[in-house]
Amino acid sequence: MDTVMPATSSVTSPSDRDFDLVVIGASYAGVGVVAAAREAGFAGRIALVGDEADLPYQRPPLSKGFLLGKAGLASLPLKAESFYADAQVVFMAGRRAIALDREARRIRLDDGTELGFKTLALTTGARAAALRCPGAELDGVVSLRTLDEARGLSKRLAAASAVVIVGGGFIGLEVASAAVTLGKPVTVVEAGPRLIGHAVAPEISTFMQRLHETRGVIIQLATKVERIEGENGRVAAVICADGSRLPCDLVLAAVGAVPNTELATDAGLLVEDGIVVDDLCRSSDPAIFAAGDCTSHPNVFAGRRLRLSSVQNAHDQGRVAGNAIAGRLEPYKAVPWFWSDQYDVKLQMVGLASGSGPAILRGAMEEGRFSLFRYDGDRLTAIESINRPADHMMGRRLIAAGLSPTPEQAADSGFDLRSLA
Ligand SMILES: Cc1cc2nc3c(=O)[nH]c(=O)nc-3n(C[C@H](O)[C@H](O)[C@H](O)COP(=O)(O)OP(=O)(O)OC[C@H]3O[C@@H](n4cnc5c(N)ncnc54)[C@H](O)[C@@H]3O)c2cc1C
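In my numbering, the protein residues as written are -1 to 419.
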């Protein structure tokens, strides 16, 4: 089967085209909106519009089990196809929203269809950031955000003889792990001084670097890509600013994500590194909600606005928006969490590290089972765990409740954290 499942739309006549709720972007946040709205009793007509051909699917496996053949297409859908019919949601796949008229309350799709709405939710997510250097357009230079791209990457990986991954963040390292496991020589080129430097403590960066190097990945830190050389239109080597030349026939650009905010900006909504929403996911227009990777929201744990890129945030914000649209006003205050699977290592993070306080080690780093408890003064702000899922789960409870073990309690593996909660 070539697609997760073909999806259809039942919008055929002009009278069909007026909806009480139109949701643009069919992934975690969009599905969260429609599911929560229906569960909270929203009885109006709903359309869910997405520009991808497949049923809404799980994105994280694309850089993990999917490349290894462990997560097949059938395991990917977020909801069975029957969900959309049962919830009376008109799901329009393969259709891109291209213009929003806020005054007329209409949205135009790329096939010319115009949909009327009373309430709109923008859940347009993010796209892979482009690699900006000469040669980035060569055949064999790819990025990874969608299932289509994962299908392409999977085929190219099978045929590749040497892979260069530009960017030592989560997606770059997960693909490195899959590629090396598939027997491919891999080099990761990272511009910053350490791996995943924007998201984890230095100790975790060092641990992950050792892990990858032990498996055979070559890691070049503090190295910028200057250009990509080609032969007959196909990638042949990556040339770094330090003069190094890395011969390869596949380059993955894993250099971050850009929020899809163009529709919102063009329609005059407030956008500041994401569509600006309040704690009920309302945009600067009271009839328009937004949720997920495309938003900037006030985060109670950070004490400031944030744009988060995670399944947790997209799913939870989607539900907050859907509930609010149905009249159930439950502000967003979910504890942020995230995970990454590389080889047999599960890295989990909960909370938001402020970076100013100590990082306390719990467990045994040399055994590859440990957590770092990160503090701001004496307040626990985040836990980063390697193969210690119980610490992670406790962290979700502790941080949500504003509870902090003392650094001594955190360091003592014999201390039962459950006694605090
Ligand atoms: C390879 C990979 C691995 C990841 N791994 C993890 C992980 O391990 N853990 C984790 O927490 N997070 C992970 N993430 C991040 C996570 O997938 C995202 O945070 C999440 O998908 C965001 O959901 P969303 O609904 O906000 O947006 P998206 O999932 O980006 O979906 C937005 C959808 O809207 C569509 N769209 C955009 N514009 C329009 C338009 N104008 N008209 C119609 N449709 C439109 C897009 O094509 C897309 O289908 C990973 C991401 C990738 C790419």
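All residues carry an ideal CB built from backbone N, CA and C; glycine is no exception. Just so we're clear, the structure is a prediction, and the values are computed from it rather than from any experiment.
Decide if aspartate 0 is buried, meaning its Cβ has at least 16 other Cβ atoms within 10 Å, or exposed.
-> At aspartate 0, the pLDDT of 40 sits below 50, so the modelled position is not reliable; the number obtained from the coordinates is stated separately. Exposed, by the Cβ-count rule.
Rounded C-alpha distance that separates aspartate 52 from phenylalanine 89 = 11 Å
Excluding five sequence neighbours on each side, which residues of the same chain lie with their C-beta closer than 6 Å to the C-beta of lysine 344?
-> Asn385
Beta strand (DSSP E) segments (min. 3 residues) lying fully within the region 215 to 295 | 216 to 218, 223 to 229, 232 to 238, 243 to 245, 248 to 251, 255 to 257, 286 to 288
Taking the beta strand (DSSP E) that leucine 46 falls in, what are its first and last residues?
-> 44 to 47
Could you pull the start and end residues of the beta strand (DSSP E) that leucine 422 belongs to?
-> For the chain, the structure presents residues -1 to 419; residue 422 sits outside this window and is missing.
Backbone CA spacing between alanine 102 and aspartate 18 [nearest angstrom] | 14 Å
Exposed or buried, what is threonine 185 when buried is set at 16 or more other beta-carbons lying within 10 Å of its beta-carbon?
-> buried
Using a Cβ-Cβ cut-off of 7 Å (strictly less than) and excluding sequence neighbours within five positions of glycine 393, which residues of its own chain qualify?
-> Val348, Gly349, Ile381
When the Cα atoms are used, what is the spatial distance from proline 356 to arginine 208?
-> 23 Å
Collapsed DSSP secondary structure at alanine 399 in the structure displayed | helix
What three-state label does DSSP hand phenylalanine 413 in the structure shown?
-> coil
Please confirm whether any heavy atom of ligand 1 lies closer than 7 Å to the CB of proline 420.
-> For the chain, the structure presents residues -1 to 419; residue 420 sits outside this window and is missing.
Taking arginine 232 as the reference, give the member of Ala322, Gly133, Ala78, His390 with the closest Cα.
-> Gly133
So does isoleucine 169 have its beta carbon nearer than 7 Å to some heavy atom of ligand 1?
-> yes
So who's on the other strand from asparagine 385, going by DSSP bridges?
-> Partner(s): none; asparagine 385 has no beta bridge.
Could you name each continuous alpha helix (DSSP H) segment of 4 residues or more that falls completely within the region 308 to 371, going from the start of the chain to the end?
-> 309 to 323
Grab me the residues of glutamate 112's own chain with a C-beta within less than 8 Å of its C-beta, minus the 5 sequence neighbours each way, in chain order.
-> Arg15, Arg104, Ile105, Arg106
Going by the beta-carbon positions, is the gap between leucine 359 and alanine 409 smaller than 8 Å?
-> yes
Please classify alanine 300: does DSSP put it in a helix, a strand, or coil?
-> coil
How about the region 166 to 186 and the region 201 to 217: do they share at least three Cβ pairs that are nearer than 8 Å?
-> yes
Any heavy atom of ligand 1 closer than 7 Å to the Cβ of cysteine 279?
-> no
Is cysteine 131 closer than 8 Å to valine 20 when the C-beta atoms are compared?
-> no
Flag leucine 60 as yes when its Cβ comes closer than 7 Å to any non-hydrogen atom of ligand 1, and as no otherwise.
-> yes
With 8 Å as the threshold, decide whether the Cβ of leucine 53 is near any Cβ in chain C.
-> Checking the listed chains, one finds no chain C in this structure; it contains a single protein chain.
What is the rounded straight-line gap between the Cα of asparagine 321 and the Cα of lysine 331?
-> 14 Å
Assign arginine 372 to buried or exposed, taking buried as 16 or more other Cβ atoms, counted over all protein chains shown, within 10 Å of its Cβ.
-> buried
How far does the beta strand (DSSP E) with glutamate 112 in it reach, from first residue to last?
-> 112 to 120
Label proline 421 either buried or exposed according to how many other C-beta atoms from any shown protein chain fall within 10 Å of its C-beta, with 16 as the threshold for buried.
-> Residue 421 lies beyond the range of the chain shown here (-1 to 419); nothing can be said about it.
Could you tell me whether the Cβ atoms of alanine 234 and leucine 244 are closer together than 8 Å?
-> no
Following the continuous beta strand (DSSP E) through leucine 98, name the residue where it begins and the one where it ends.
-> 95 to 99
Have a look at Val178, Gly181, Leu180, Val164 and flag the residue whose alpha-carbon is nearest the alpha-carbon of isoleucine 194.
-> Val164
Same chain, Cβ closer than 6 Å to aspartate 137, neighbours up to 5 away in sequence not counted = Gly231, Arg232
So is the beta-carbon of tyrosine 26 under 7 Å away from any non-hydrogen atom of ligand 1?
-> yes
Closer than 7 Å: phenylalanine 336 CB and nearest ligand 1 heavy atom = yes
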